[in-house]
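Please read the structure below before turning to the comments.
Number of protein chains: 2
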Amino acid sequence: MARVTQADVARAAGTSMAVVSYVVNGGPRPVAEATRQRVLAAIEQTGYRPDGVARALVGGSTMTLGLIVPDIANEFFAELAAAVEQAARAAGRTVLLANSEGDASTELDLLDTFLQRRIDGLVIVSQAPAAADRLLNRAKTRHVFLGAAPESAASIGVDNFGGAVAATRHLLEHGHSRIAAIAGPAGDHVAEARLAGWRHAVAARPTAGRVRFVQHPFTVTGGYDAALALLNPSPLAPGGPASGASIFGRSGPAGARVRPQAVFASSDRQAIGLLRAAADLGLSVPDDLAVVTFDGSSISAYAVPALTTIQQPIAEMAELAVRQLIDPDPQPLRAVLEVGLVVRRSCGCPPAHL
Amino acid sequence: MARVTQADVARAAGTSMAVVSYVVNGGPRPVAEATRQRVLAAIEQTGYRPDGVARALVGGSTMTLGLIVPDIANEFFAELAAAVEQAARAAGRTVLLANSEGDASTELDLLDTFLQRRIDGLVIVSQAPAAADRLLNRAKTRHVFLGAAPESAASIGVDNFGGAVAATRHLLEHGHSRIAAIAGPAGDHVAEARLAGWRHAVAARPTAGRVRFVQHPFTVTGGYDAALALLNPSPLAPGGPASGASIFGRSGPAGARVRPQAVFASSDRQAIGLLRAAADLGLSVPDDLAVVTFDGSSISAYAVPALTTIQQPIAEMAELAVRQLIDPDPQPLRAVLEVGLVVRRSCGCPPAHL
DNA sequence: GTGAAAGCGCTAACAC
DNA sequence: GTGTTAGCGCTTTCAC
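Residue numbers (full-length UniProt numbering), protein chains in the order written: chain A, 1 to 354; chain B, 1 to 354.
As structure tokens, then:
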């Protein structure tokens, strides 16, 4: 018993393939009710399932959306993937997933593969937006960038600057004046925007005194190292990561540093590293050190203490992206979504429960 | 400029479609080197990319593997997905991902969709193994179950019992005698195996006195609730989840309970909830309460204190699964992989660093 | 070594 | 309302 095809159904129903197609697809031609029933019965009886591959070949659409992220094991992207898959499924689409591993050339290879698979559209957190955009345009494949994106392409981003400002201000409102920052890698678009937001907020209170920031990867170890650089009374060992200068001038010799009262961490993962470093240094969060972070991934809620964070609207991003990809006539999209402050324990606000 | 097809290339190279196919696929017939070069040039010049859909229609294979998990946002499954995608990519396959949301009927729908897409094989963490197996067998689609699986199907599991024994023994070795357990939901295959392991280990030391366990979902809140039930001196509010009896007889009235010195948590997520509950109750981990957990997902390393855990060999599972799916002649597979104890801080062992 | 042609399973004109 | 038929882009037999 090989694959059941439309021809088999047609035979069983005593009709033609075309009619079978019409009832399966509800068109484009009408079918008499009686015939319809016979076909339905035949489908039932034969166990026929339309072949998506053949369908895609003739019809044009594969009903498949691609998703490329740097690392699906990262909770932020995992949550994004879950949201995209859900939105796609709700729209009857299936999603092809791949990790670029943060590597531009891997990403381009992946794109090639997806294009050969004739995906209908792509959601991408890109390492090489310009190149990706070019490739996708040439293939006439719809796509939306999340985060970094070329000017002319559809994209969805969040207000990184505004979020960082809000986070830092919240710390300011707690009465802290020495608020340091753990920034993302230099040159990263998102990292720079968040750093700028922090800068903007602390600059508003010149009494803030010596304010410092360090630039580290968006990882747990990145946050750990950053925290050590920020919190350690002694200077870093040679070869350690570079510290940023105070915005009020170069900070004094390490021995003279005043410990920050609070830290704005640019990502949840970094904040997790910071928490560990604080624990290692015997510092209590939020009593000795207040912390606000950015992302709002589930990890921030699980941490002890729970992290006050700037929440990204992941579900909204996913829905918007999917909608854009399947919209019959899509408008140019260049969304910047609002982020919200989620107050939990790490900033020093009163405890709330799970 | 529409899609570039093989015919275009053939025309440009002054040859036939068949020859183009031969050079693209390196067979099945030989091609003269000179012709080959002309074809290659034509491909380059036209920007031809083979169409995967058409290829799949005739060839049979879509070079696509499916992955169905309950929830990709769960770090354990996210890590699994990353590993599966990586293994698949290394083998030239692409992965179609979907979330069953822990729901059997959603899972079956998903299966249907994947089958229509003609996936070559499927890796599944199933909610309805028997039904899924039947469907997949009927469609002659290869598949491997992770975790719960029908007897006759290919499956990969881990030694849940042995892992739980090792975890509990480690706690015993720390000198604790009152070791409670947070089990997964009753009826869950994996949960039962881990619970049995804990039982086995504590039974070996009858001096353990009153040992208790509670059954809760494999979630952070499940762990939180479980911890409250285990650690609170006062009885639970009415309507709270049921507590298991002591294996040495029903435990006494709540007021008379002795607080456990240690807890074996059946999953990392539950342990995270436990950590939070302990903090809320003013209990220090590991000083007041030692903890060992199960899974070894990244979250366990990030927690403060870092969690001592039973690590599942995720990469190995993924590689084994993918290999099984693409193996030209697959042997029946019924693997039970070993798990390892990863010692960190939560059990009371001396601190180690990030 | 190369090419013509027969499908893979389906949809959608286009006739009837 | 229903059936015939021409492809969709590709692989692969089979002749030359």
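Glycine included, every Cβ here is placed at the ideal spot set by N, Cα and C. Values in this document were obtained by computation on a predicted structure and should not be read as measured data.
Cβ-Cβ distances below 8 Å link residue 47 of chain A to 4 in the same chain, with the five nearest sequence neighbours on each side left out; the list follows chain order. In its chain, beyond the 5 residues on either side, 129 and 155 have a beta carbon closer than 7 Å to the beta carbon of residue 149 of chain B. Cβ neighbours of residue 170 of chain B within its own chain (closer than 8 Å, five residues either side excluded): 292, 308, 341, 343 and 347. With a cutoff of 9 Å on beta-carbon distance, residue 265 of chain A and residue 197 of chain A are scored as not near each other. If you ignore the 5 residues before and after residue 39 of chain A, its C-beta comes within less than 6 Å of the C-beta of 13, 20 and 23, all in its own chain and listed in chain order.
Contact check between the region 80 to 93 of chain B and the region 316 to 331 of chain B: three or more CB pairs, one atom from each, fall below 8 Å, which counts as touching. Put simply, the region 275 to 283 of chain A does not touch the region 209 to 219 of chain A. Fewer than three CB pairs are less than 8 Å apart.
Interface residue (Cβ-Cβ distance to chain B less than 9 Å): residue 263 of chain A is not classified as such. Taking a contact as a CB-CB distance under 8 Å, the pair residue 94 of chain B and residue 113 of chain A counts as one, their CB atoms being some 6 Å apart.
The region 52 to 66 of chain B makes contact with the region 116 to 129 of chain B; the number of CB pairs closer than 8 Å reaches 3 or more.
Listed along chain A, the residues sitting closer than 9 Å to residue 57 of chain B by beta-carbon distance are 51, 53, 54, 56 and 57.
Residues of the region 106 to 129 of chain B that bring their beta carbon within less than 7 Å of a beta carbon in chain A comprise 113, 115, 116, 117 and 118, in sequence order.
Annotation for residue 65 of chain B: the continuous beta strand (DSSP E) segment containing it runs 64 to 69.
In this structure, B:176 is the residue among B:193, B:304, B:57 and B:176 with its C-alpha nearest to the C-alpha of residue 263 of chain B. Boundaries of the beta strand (DSSP E) harbouring residue 121 of chain B: 121 to 124, taken from the DSSP string. Residues 23 of the same chain have their beta carbon placed closer than 8 Å to that of residue 36 of chain B, with the five preceding and five following residues left out of the count. One Cα belongs to residue 230 of chain B, the other to residue 351 of chain B, and the distance between them is close to 26 Å. The beta carbon of residue 305 of chain B falls within 9 Å of a beta carbon belonging to chain A, placing the residue at that interface. Within chain A, the residues 67, 72, 81, 85, 94, 95, 96 and 97 have their CB atoms less than 9 Å from the CB of residue 97 of chain B, given in chain order. Looking from the CA of residue 92 of chain A, the closest CA among A:322, A:104 and A:331 belongs to A:322.
Residue 146 of chain A places its beta carbon 9 Å or farther from that of residue 163 of chain A.
Cβ-Cβ distances below 6 Å link residue 326 of chain A to 91 in the same chain, with the five nearest sequence neighbours on each side left out; the list follows chain order.
A direct Cα-Cα distance of roughly 12 Å separates residue 152 of chain B from residue 143 of chain B. With distances taken between CA atoms, residue 299 of chain A lies nearest to A:76 out of A:141, A:76 and A:11. For residue 333 of chain B, same chain residues with a beta-carbon under 6 Å away, outside a window of 5 residues either side, are 154 and 324 in chain order. Counting only runs that start and end inside the region 159 to 213 of chain A, the beta strand (DSSP E) elements of at least 3 residues fall at 179 to 183.
For residue 95 of chain A, the uninterrupted beta strand (DSSP E) segment begins and ends at 94 to 99. In the DSSP secondary-structure assignment, residue 337 of chain B is bridged to B:158. Interface flag for residue 133 of chain B against chain A is unset, since no Cβ pair is found closer than 9 Å. Under the Cβ criterion of 9 Å, residue 203 of chain A is not counted among the residues facing chain B.
For residue 279 of chain B, the neighbours in chain A by C-beta distance under 8 Å run, in chain order, 304 and 305. In the structure shown, residue 146 of chain A adopts extended strand secondary structure according to DSSP, grouped into three states. Assignment of residue 127 of chain A by DSSP, reduced to helix, strand and coil, places it in the coil class. Cβ contact annotation for residue 119 of chain B (same chain, cutoff 8 Å, sequence separation greater than five): 62, 64, 65, 66, 96 and 141, in chain order.
At least 9 Å separates the CB of residue 136 of chain B from every CB of chain A.
If you draw a straight line from the Cα of residue 228 of chain B to the Cα of residue 74 of chain A, it is about 30 Å long.
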